[in-house]
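A.B. asks: Quick one: this structure, given as structure tokens, is what I'll be asking you about.
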Ligand SMILES: [Cu+2]
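Numbering (my numbering), first residue to last: 110 to 396.
Below you can see the structure in the form of structure tokens.
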């Protein structure tokens, strides 16, 4: 394939990616697509805010880069030795120095305020009332999930539902450390032996810890990425606002099989949740 042909093929696939990214449907799988250039479609209000923040940053950094490039080009053209044979002997310009200090400070503050606000949104588990007030989501109940990492899989407890020790091993991939070879239609290296199941529009308090080294529980569509630290319990939260299957991975390098500890979450209706959690409670009863 010629360079020009591969370049136009690349441009076409990038264009397709953007079109596909725009056309989110309720039945979306929470996985990355081939040639994906943007975030996965958000499934929680926090992730929606992360996408919004990212878009603001993109506009700012593009404008700054274009401005600096334009200045560079102008100076190369206007002040080269040919067009400006006698250089200026100026060493100071107080007005200019104030301007190029104050404007970047204002830009940094514009970046810092939404950034820190987002950080606290993720960090502090809100009440259902606060979720309603902040995001306009009618929250249908609260629950807690505890995720415990170990080399190399996750284990889940549902303290409110009598489920303890539900393990979730990699279930589709190369069999080196997955339970089975990936078949057609499987989410290779993302499928787990047991999926986490949560009801839609429910405030989930997620507690994360580890039995050995540091891992991280990460779910891109939820905007959740939290370290699993041995001897500590860290906490975050999410409210998934649409049903579907969502996939993430351990996101802290934790050893030789780090790439084989995926995370799969099914967001289902309240009725389906009750059925599935009862099945899980029978299989993994609290001891
Ligand atoms: Cu890990």
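For each residue, glycine too, the CB sits at the ideal point set by N, CA and C.
#1: Helix, strand or coil: which one does DSSP assign to residue 300?
#2: Could you give the residue range of the alpha helix (DSSP H) that holds residue 168?
#3: Looking only at its own chain, which residues have a Cβ that is under 6 Å from the Cβ of residue 250, when we skip the five neighbours before and after it?
#4: Using 10 angstroms around the beta-carbon of residue 231, count the other beta-carbons present and answer buried if the total reaches 16, otherwise exposed.
#5: When you compare only the Cα positions, how much space is there between residue 351 and residue 315?
#6: If we count Cβ pairs, one from each stretch, closer than 8 Å, do we get three or more for the segment 358–373 versus the segment 238–250?
#7: Hey, how far is the Cα of residue 271 from the Cα of residue 138?
#8: Helix or strand or just coil, what does DSSP make of residue 259?
#9: Rounded to a whole number of angstroms, what is the C-alpha to C-alpha distance between residue 262 and residue 143?
#10: Quick one: any contact between the segment 366–385 and the segment 278–292, if contact means 3 or more CB pairs under 8 Å?
#11: Given this structure, state the Cα-to-Cα distance separating residue 364 from residue 313, to the nearest angstrom.
#12: Can you give the beta carbon distance from residue 393 to residue 252, rounded, assuming they're within the 8 Å contact cut?
#13: Quick one: what's residue 355 bridged to in DSSP?
#14: Cβ-heavy atom distance between residue 279 and ligand 1 below 6 Å?
#15: Please work out which residues of its chain come closer than 6 Å, Cβ to Cβ, to residue 317, disregarding the five sequence neighbours upstream and downstream, and give them in chain order.
#16: Just the Cα atoms here: how many angstroms apart are residue 390 and residue 273?
#17: Is the beta carbon of residue 363 within less than 6 Å of some heavy atom of ligand 1?
#18: Quick check: is any heavy atom of ligand 1 less than 6 Å from the C-beta of residue 370?
#19: By Cβ distance below 6 Å, which residues in the same chain neighbour residue 347 in space, the five residues on each side in sequence not counted?
#20: Please classify residue 131: does DSSP put it in a helix, a strand, or coil?
#21: Are the Cβ atoms of residue 382 and residue 140 separated by less than 7 Å?
#22: Closer than 7 Å by C-beta to residue 228: which residues in its own chain qualify, once you throw out the five before and the five after it? Chain order, please.
#23: What do you reckon, is the C-beta of residue 287 under 6 Å from a heavy atom of ligand 1?
#24: What do you reckon, are the CB atoms on residue 309 and residue 376 nearer than 7 Å?
#25: Counting only the same chain and skipping the five closest in sequence on each side, list residues whose C-beta sits under 7 Å from that of residue 396.
#26: For the putative contact between residue 223 and residue 162, defined by C-beta atoms under 8 Å, what is the C-beta separation to the nearest angstrom?
C.D. replies: Let me spell this out:
#1: For the purposes of this step, residue 300 is taken as the residue at position 191 of the chain shown. In this structure, residue 300 counts as coil in the three-state DSSP scheme.
#2: The count along the chain shown starts at 1 and reaches residue 168 at position 59. Per DSSP, residue 168 belongs to the alpha helix (DSSP H) from 154–187.
#3: As a position in the chain shown, residue 250 is number 141, starting the count at 1. Contacts found: 311.
#4: Walking along the chain shown from the start, residue 231 turns up at place 122. With 16 or more other Cβ atoms within 10 Å, it is buried.
#5: As a working note, residue 351 is residue 242 in the chain shown. As a working note, residue 315 is residue 206 in the chain shown. Whole-angstrom Cα-Cα distance: 18 Å.
#6: no
#7: On the chain shown, position 162 is the one that residue 271 refers to. On the chain shown, position 29 is the one that residue 138 refers to. When rounded, the distance between both Cα atoms is 29 Å.
#8: Numbered from 1 along the chain shown, position 150 holds the residue referred to as residue 259. Strand.
#9: Translated into positions along the chain shown, residue 262 becomes position 153. Translated into positions along the chain shown, residue 143 becomes position 34. Between residue 262 and residue 143, the C-alpha separation is close to 26 Å.
#10: yes
#11: Along the chain shown, read from residue 1 onward, the residue named residue 364 stands at position 255. Along the chain shown, read from residue 1 onward, the residue named residue 313 stands at position 204. For residue 364 and residue 313, the distance between alpha carbons rounds to 29 Å.
#12: Position 284 of the chain shown, counting from 1, holds the residue named residue 393. Position 143 of the chain shown, counting from 1, holds the residue named residue 252. That belief does not hold up - the Cβ atoms of residue 393 and residue 252 are roughly 16 Å apart, past 8 Å.
#13: Within the chain shown, numbered from 1, the residue matching residue 355 stands at position 246. Beta-bridge pairing links residue 355 to 139 and 374.
#14: The residue you call residue 279 lines up with position 170 of the chain shown. No - ligand 1 has no heavy atom lying nearer than 6 Å to the Cβ of residue 279.
#15: As a working note, residue 317 is residue 208 in the chain shown. Closer than 6 Å at the Cβ level, and outside the excluded window around residue 317, lie 256, 326, 335, 337 and 343.
#16: Position 281 of the chain shown, counting from 1, holds the residue named residue 390. Position 164 of the chain shown, counting from 1, holds the residue named residue 273. Rounded to whole angstroms, residue 390 to residue 273 spans 8 Å at the Cα level.
#17: Within the chain shown, the letter at position 254 stands for residue 363. It does: the Cβ of residue 363 is within 6 Å (strictly closer) of some heavy atom of ligand 1.
#18: Working through the chain shown from its first residue, we reach residue 370 at position 261. Within the cutoff, so yes.
#19: As a working note, residue 347 is residue 238 in the chain shown. Only 153, 313, 331 and 333 meet the Cβ criterion.
#20: The count along the chain shown starts at 1 and reaches residue 131 at position 22. Low local confidence applies: a pLDDT of 43 at residue 131 is under 50, so the model's placement there is unreliable, with the coordinate-based value given in what follows. Helix at residue 131.
#21: Counted from its first residue, the chain shown places residue 382 at position 273. Counted from its first residue, the chain shown places residue 140 at position 31. Contact flag unset, no.
#22: Indexing the chain shown from 1 puts residue 228 at position 119. Here the set comprises nothing.
#23: The residue given as residue 287 occupies position 178 in the chain shown. It does not: the Cβ of residue 287 is nowhere closer than 6 Å to a heavy atom of ligand 1.
#24: Working through the chain shown from its first residue, we reach residue 309 at position 200. Working through the chain shown from its first residue, we reach residue 376 at position 267. Yes, these two residues count as a Cβ contact at 7 Å.
#25: Locating residue 396 in the chain shown gives position 287, where the first residue counts as 1. Contacts found: 273.
#26: Within the chain shown, the letter at position 114 stands for residue 223. Within the chain shown, the letter at position 53 stands for residue 162. Correct: roughly 5 Å between the Cβ atoms.
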